[in-house]
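Visitor: Quick one: structure below, then a few questions.
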Amino acid sequence: MQIKNSINDNLQSSKTLRIVLAGNPNVGKSAVFSKITGTYAEISNYSGTTLENFEVKTDIGRFVDTPGIFSLGDYNEEEIIAKQIITQADIVINVVNALSLDKDLFLTQQLIDLGLPILLVLNQMDEAEKREVNINIEKLSKELEVPVFPTVAIKSQGIQEVKDNLHNARKGRKGSYIAEMLEGKELSYKNLLENEFSTENREKLYVERRKRVNEVTNKTLITKEKSNISSTVGKALLNPVIGFSVLGVVLYILYQIVGVFIAGEVVDFLENQIIGGKYIPWITGVVNQAPMPTWLNTILVGEFGLLTMTIQYVFGLLLPLIVGFYFFMAILEDSGYLPRLAVLTDRFLSKLGLNGKAIIPIILGFGCVTMAVITTRLLGSSRERTIASTILCLTIPCSAQIGLILGILAAMGSLKLWMLYLASIVITLIFIGTVLNKILAGKATPLIIDLPPMRIPVIKNVIDKTLCKTNHFLIEATPLFFIGALIITILELTNSLKSIYNFLSPLTVSLLNLPKETANIFIMGLIRRDFSAAGLSDMIGMGGKAAILSPEQTLVILVVITLFVPCIATVIVLFKERGYKEASLIWIGSITIAFALGGILATILKILPV
Amino acid sequence: MVALYEIEIGQEAEVQSFLNSDIKCYSVRFGIEEGQVVKCIAKLGAIVLQKNNQEIAIGKNLCKEIYVRLI
């Protein structure tokens with residue numbers, strides 16, 4: 011009652027309430043957070059979507075979304091961060107998944123044992139109903155002594171009730187073991203915190219808490235084991251033959267949609283017919299008529315013009331590829347397929363010093379390496395984050411680049427080229443992972459993950475996610491493309507470009523057996539990886555220009571630009587995440603490995619042409 | 050008593066003990082505790098266990114540190 015009054019006072023006074031969302035991974039915290047605050051927080055059907063505390067100020071108070079955790083402890087970085095935030099909260103909105111009540115209530119009971127005012131949100135009630143999981147909500151509320159609200163957050167069901175009842179948050183019923191463990195000490199917040207985080211007490215506390223949670227679930231949960239399509243599909247994907255066959259089909263569909271249809275038909279229409287055929291002649295005419303010095307004209311509408319080439323690359327070439335790729339990824343993310351892929355790949359990844367969870371940043375890396383480097387935080391140790399970040403920066407092409415690579419390989423139409431490209435990248439990935447696993451002290455952390463039910467992706471969520479990521483891409487990439495084009499034009503105007511071509515010729519001509527002009531691609535690649543692939547598409551004749559590269563030379567460049575330095579944004583994130591020393595090593599290492607492997611490949615292809 | 054890793058698909062087992070306190074606390078949070086009966090629904094290096102409506106995947110190395118009685 012006292013808490014209720016103090017929260018009411020806060021709601022009425024000017025003091026900003028700190029309302030923290032807490033819960034296990036993949037319970038729908040981000041969805042609840044989005045619906046309550048009216049902002050977009052990324053929602054996926056796998057754990058670890060929220061890796062940074064997302065904060066939004068509203069009329070009611072300051073809402074903070076925290077990473078998903080199984081307990082408030084120190085098992086990984088997320089737990090440490092979440093612990094700091096949650097223990098400072100005025101109100102905790104604890105989101106639990108109705109399908110995994112017995113697991114999720116462990117954190118709930120821990121929050122209650124700490125004496126935090128709680129509002130329990132029982133999410134994914136629709137899935138629970140489908141599976142005939144019945145929860146006696148009234149009884150659950152009575153047992154825990156906290157208010158409980160059923161919701162289906164992605165459909166906004168029950169959200170208004172949560173918002174209307176924030177002032178009803180309560181300190182719940184502590185386990186009887188708490189008083190016993192405090193040995194007569196006062197039940198103050200300080201003593202509760204000390205008791206909770208003392209390593210001596212942990213085993214006893216966890217075991218007793220688990221007993222208490224089992225007692226609560228036994229009283230409130232009635233389940234009938236019922237097999238439905240979702241669980242049948244989920245189980246089938248765990249069969250190695252079916253699982254890997256489905257993976258093959260998924261990759262083939264991706265190739266057909268992004269590589270053949272979008273990179274071929276859509277890009278051809280947009281880049282050549284609309285932008286190349288109509289926009290560029292029009293804008294060139296307009297600029298040519300305006301009185302201006304020649305150098306400015308070259309900057310605006312020259313070979314690398316800001317208003318010609320840059321617009322053509324960003325909107326004609328990359329934008330359709332990005333939209334296609336993100337749409338496809340959003341469907342996979344929303345379906346619950348990725349955690350199953352983690353189980354399938356655990357054995358392979360453990361040989362690289364990672365566990366199956368690392369497949370999530372790796373798969374996301376195919377979307378955007380920058381974002382994927384941040385996502386490595388969901389891995390259990392710094393060692394795993396180092397290995398995963400290196401693999402990401404070195405071997406994983408990002409969506410825009412992969413779209414172009416798929417398009418270039420499809421345009422060349424040779425299966426042999428395809429195989430050689432894939433083999434070069436996979437061999438490098440295995441080699442780097444194995445070496446790092448051997449030289450870095452420690453071992454992979456154990457894999458233990460919850461498999462969410464398979465579900466049909468919610469189309470609105472898929473579209474929202476695609477638009478949000480595309481928007482993010484345009485905001486981040488467009489200025490860098492303009493800067494890149496400007497630098498190259500200035501280099502050309504000052505005749506420096508030829509000097510750079512000559513300076514780099516030992517690498518491009520002698521080592522990689524390429525024409526001098528290809529140095530351009532690497533300079534572009536320093537700015538953005540996809541920028542270099544876009545430049546390459548011209549050299550093989552995709553933009554309607556004459557091809558100046560042979561299939562062997564194209565393959566060498568594709569391998570080198572895949573392994574070559576990550577883009578500026580990734581480098582910045584890498585320095586932030588992994589520190590100056592490690593990030594520099596990864597950066598310099600990726601250039602060295604890219605050229606060394608490119609050299610080996612060029613030599614092999616010289617002796618054995620495709 | 051054998052390591053959880055010995056379980057086969059379709060088989061049930063009762064959790065008996067853990068290699069150490071750390072592994073015990075780590076697993077107890079997921080409801081993998083002494084006395085708990087679990088069913089193996091997939092084995093691909095990692096083992097997937099069914100417990101009520103939950104499906105939990107446990108990596109090979111951790112499976113070697115949890116001891117069970119096969120039923």
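Residue numbers (this note's numbering), protein chains in the order written: chain A, 11 to 620; chain B, 50 to 120.
Glycine included, every Cβ here is placed at the ideal spot set by N, Cα and C.
1) From the DSSP output, in three-state form, read off A:N282 for me.
2) Can you name the residues that DSSP bridges to A:F585?
3) Just the chain A side, please: which residues come within less than 8 Å of B:I90 by C-beta, in chain order?
4) Just checking my contact of A:I622 with A:P77 at CB under 8 Å: how many whole Å lie between their CB atoms?
5) In whole angstroms, give me the CA-to-CA distance for A:I252 and B:Q103.
6) Between A:E190, A:N144, A:S241 and A:L316, which has its C-alpha nearest A:T488's C-alpha?
7) At a Cβ threshold of 8 Å, is A:Y85 touching chain B?
8) Which residue spans inside the stretch 196-273 of chain A form an unbroken beta strand (DSSP E) run of at least 3?
9) Below 8 Å on C-beta distance, what does B:I70 contact in chain A?
10) Run through the DSSP bridge pairs and tell me what A:F73 is partnered with.
11) Got a sec? Which residues, its chain only, sit under 6 Å from A:L130 by beta carbon, not counting five neighbours each side?
12) Roughly how many angstroms separate the alpha carbons of A:V383 and A:V143, rounded to a whole number?
13) Quick one, are the C-beta atoms of B:I105 and B:I58 less than 8 Å apart?
14) Cutting at 6 Å between CB atoms, please list the residues of its own chain near A:L21, excluding the five before and the five after it.
15) Against chain B, does A:L130 count as a neighbour if the rule is that its beta carbon must be under 8 Å from one of theirs?
16) Would you report the Cα separation of A:L414 and A:I571, rounded to the nearest angstrom?
17) Which same chain residues end up closer than 8 Å to A:R72 when comparing Cβ atoms and leaving out the 5 residues on each side of it in sequence?
18) Any beta-carbon of chain B closer than 8 Å to the one on A:D460?
19) Which of the three DSSP states is assigned to A:K14 in this structure?
20) Quick one: list the residues of chain B neighbouring A:L109, beta-carbon separation under 8 Å, in chain order.
21) Any Cβ of chain B within less than 8 Å of the Cβ of A:Y347?
22) Since A:N365 meets chain B, which of its residues come closer than 7 Å, beta carbon to beta carbon?
23) Entirely within the stretch 464-515 of chain A and at least 4 residues each: give me those alpha helix (DSSP H) ranges in chain order.
24) Taking 8 Å as the cut-off, does the stretch 330-338 of chain A touch the stretch 422-430 of chain A (at least 3 CB pairs, one atom from each stretch)?
25) Kindly indicate the opening and closing residues of the alpha helix (DSSP H) around A:Y336.
26) Output the distance between the C-alpha atoms of A:V569 and A:S560, rounded to the nearest integer angstrom.
27) Does the beta carbon of A:L124 sit closer than 8 Å to a beta carbon anywhere in chain B?
28) Going by C-alpha to C-alpha distance, which of A:I473, A:T68, A:K526 and A:M135 sits closest to A:V333?
29) Only counting the same chain, and skipping five residues up and downstream in sequence, which positions put a Cβ closer than 7 Å to that of A:L496?
30) DSSP on B:A52, reduced to helix/strand/coil?
31) Classify B:E61 as helix, strand or coil using the three-state DSSP reduction.
32) Taking only beta-carbon atoms, is A:P371 less than 8 Å away from chain B?
33) What does B:G59 reach in chain A if we use C-beta pairs closer than 9 Å?
34) Please list, in chain order, the chain B residues whose beta carbon lies closer than 9 Å to that of A:F43.
35) With distances taken Cα to Cα, identify the nearest neighbour of B:N110 among A:P467, A:L389, A:Q134 and A:D356.
36) Rounded to the nearest angstrom, how far is the Cβ of B:I72 from that of B:I115, given a contact under 8 Å?
Guide: By the coordinates alone:
1) As a working note, residue 282 of chain A is residue 272 in the first sequence. Correct three-state label for A:N282: helix.
2) Position 575 of the first sequence, counting from 1, holds the residue named residue 585 of chain A. A:F585 is not bridged to any residue.
3) Reading the second sequence from its first residue, position 41 is the one you call residue 90 of chain B. Chain A residues near B:I90: K245 and L248.
4) Nothing about residue 622 of chain A can be reported from this structure: the residues present for chain A run from 11 to 620 only.
5) As a first step, residue 252 of chain A must be located in the first sequence, where it is residue number 242. As a first step, residue 103 of chain B must be located in the second sequence, where it is residue number 54. Answer to the nearest angstrom: the Cα atoms are 21 Å apart.
6) As a working mapping, residue 488 of chain A is identified with position 478 in the first sequence. Here the closest residue by C-alpha is A:L316.
7) Start at 1 with the first residue of the first sequence, and residue 85 of chain A comes out as number 75. So, interface residue.
8) 231-233
9) For the purposes of this step, residue 70 of chain B is taken as residue 21 along the second sequence, with counting starting at 1. Ile is not the amino acid found at residue 70 of chain B; the sequence shown has Ser there. Simply R212 and E213.
10) Your numbering for residue 73 of chain A matches position 63 in the first sequence. Answer by DSSP bridge pairing, in chain order: A:I29 and A:V66.
11) On the first sequence, position 120 is the one that residue 130 of chain A refers to. Result list for A:L130: N104, V156 and V158, in chain order.
12) If you number the first sequence from 1, residue 383 of chain A lands on position 373. If you number the first sequence from 1, residue 143 of chain A lands on position 133. A:V383 and A:V143: Cα-Cα distance of roughly 38 Å.
13) Taking the first residue of the second sequence as 1, we reach residue 105 of chain B at position 56. Taking the first residue of the second sequence as 1, we reach residue 58 of chain B at position 9. The answer is no: Cβ separation not under 8 Å.
14) Taking the first residue of the first sequence as 1, we reach residue 21 of chain A at position 11. Bear in mind that the predicted position of A:L21 carries a pLDDT of just 48, short of 50, making it unreliable; the figure below should be weighed with that in mind. Closer than 6 Å at Cβ, skipping near neighbours: H177.
15) Locating residue 130 of chain A in the first sequence gives position 120, counting from the first residue. By this cut-off, A:L130 is not an interface position.
16) The count along the first sequence starts at 1 and reaches residue 414 of chain A at position 404. The count along the first sequence starts at 1 and reaches residue 571 of chain A at position 561. Roughly 12 Å separates the two Cα atoms.
17) Sequence index remark: in the first sequence, residue 72 of chain A carries index 62 (1-based). Taken in chain order, the residues that qualify are T26, L27, R28, I29, E65 and V66.
18) Here residue 460 of chain A refers to the residue found at position 450 when the first sequence is read from its first residue. Interface residue, yes.
19) Counting from 1 along the first sequence, the entry for residue 14 of chain A is found at position 4. Residue confidence is low: A:K14 scores 44 on pLDDT, short of 50, so the model does not pin down where it sits. No coordinate-derived value is stated.
20) Here residue 109 of chain A refers to the residue found at position 99 when the first sequence is read from its first residue. Here the neighbours are N102 and Q103.
21) In the first sequence, residue 347 of chain A corresponds to position 337, counting from 1. Judged by the 8 Å Cβ criterion, A:Y347 is not in contact with chain B.
22) Indexing the first sequence from 1 puts residue 365 of chain A at position 355. G108, listed in chain order.
23) 469-503 and 506-515
24) no
25) By 1-based counting over the first sequence, the position of residue 336 of chain A is 326. That run of the alpha helix (DSSP H) goes L329 to S345.
26) Mapped onto the first sequence, residue 569 of chain A falls at position 559. Mapped onto the first sequence, residue 560 of chain A falls at position 550. Their Cα atoms are separated by approximately 14 Å.
27) Residue numbering aside, residue 124 of chain A sits at position 114 when the first sequence is read from its first letter. No, its Cβ sits nowhere closer than 8 Å to a Cβ of chain B.
28) Position 323 of the first sequence, counted from the start, is the residue given in the question as residue 333 of chain A. Looking at the Cα atoms, A:I473 is the closest of the given residues.
29) On the first sequence, position 486 is the one that residue 496 of chain A refers to. Within the same chain, A:L496 has close Cβ partners I309 and L316.
30) In the second sequence, the residue the question calls residue 52 of chain B occupies position 3. DSSP places B:A52 in strand when its eight states are reduced to three.
31) Residue numbering aside, residue 61 of chain B sits at position 12 when the second sequence is read from its first letter. Note: B:E61 maps to strand in three-state DSSP.
32) Position 361 of the first sequence, counted from the first residue, corresponds to residue 371 of chain A. It does not; no Cβ of chain B falls within 8 Å.
33) Position 10 of the second sequence, counted from the first residue, corresponds to residue 59 of chain B. Under the 9 Å cutoff, chain A gives no residues; its nearest Cβ is about 11 Å from B:G59.
34) To locate residue 43 of chain A, count along the first sequence from 1; it is residue 33. Under the 9 Å cutoff, chain B gives no residues; its nearest Cβ is about 23 Å from A:F43.
35) Here residue 110 of chain B corresponds to residue number 61 of the second sequence, with the count starting at 1. Looking at the Cα atoms, A:D356 is the closest of the given residues.
36) In the second sequence, the residue the question calls residue 72 of chain B occupies position 23. In the second sequence, the residue the question calls residue 115 of chain B occupies position 66. Between B:I115 and B:I72 the Cβ distance is about 7 Å, and since that is below 8 Å, they are a contact.
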